[in-house]
Amino acid sequence: MSSKIKSKFFSLAKFAGFIAACAAASFVAIAPLWLFATKQPKLYSLVVLLAAAVLVLYKVVVAAKKSGLKKTVFLALKIFSLAAGIVFAALAVANFSRLFFCLSLLGGILLFYLVRFVERKFSKAQN
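So for the sequence shown, this note's numbering puts the first residue at 1; every next one is plus one.
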């Protein structure tokens, strides 16, 4: 075999080995999670939500250290107000309640702007 053919063959073999290693690593990582999710779906959901909450809390703490506690608290309040409006609106859609849908969306948006207004007043009072 010529050196070009050997080089192409070994490149192809490396690529195939890489694909096989990725597939094996994926199976090793995903198979237990899939088994856990199919055997205990409620517990799996709880664990995933808890892990997500821990990650969000960690990110908030890191952001608070960088930008200050006051900005972080107001950001968290704004996110919470919008999220609450969206969650209650989704619950209203699930219960086929149009009035509650409109009121919850409007309430979440108004709460967001109230927090924003208080934040601006608080910032002006500090200066």
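All C-beta atoms, glycine included, are put in the ideal place defined by N, C-alpha and C.
Own chain residues within Cβ distance below 7 Å of residue i, not counting five before or after
i: Leu82; result: Gly108 and Phe112
i: Ala92; result: Phe100, Phe101 and Ser104
i: Thr72; result: Val60, Ala63 and Ala64
Within 9 Å, strictly: CB atoms of residue i and residue j
i: Val115; j: Leu77; result: yes
i: Tyr44; j: Leu55; result: no
i: Ile79; j: Leu105; result: no
i: Phe88; j: Glu119; result: no
i: Lys70; j: Phe122; result: yes
Helix, strand or coil at residue i [DSSP, three-state]
i: Ser123; result: helix
i: Gly68; result: coil
i: Phe74; result: helix
i: Ser2; result: coil
i: Phe88; result: helix
i: Phe96; result: coil
Same chain, Cβ closer than 6 Å to residue i, neighbours up to 5 away in sequence not counted
i: Ser3; result: none
i: Ala37; result: Tyr44
i: Phe22; result: The displayed chain sequence assigns Cys, not Phe, to residue 22. Excluding sequence neighbours, Cys22 sits near nothing in its chain.
i: Ala84; result: Gly108
Check: residue i C-beta below 8 Å from any heavy atom of the ligand MN
i: Ala25; result: Here there are no bound small molecules, and the ligand MN is not part of this structure.
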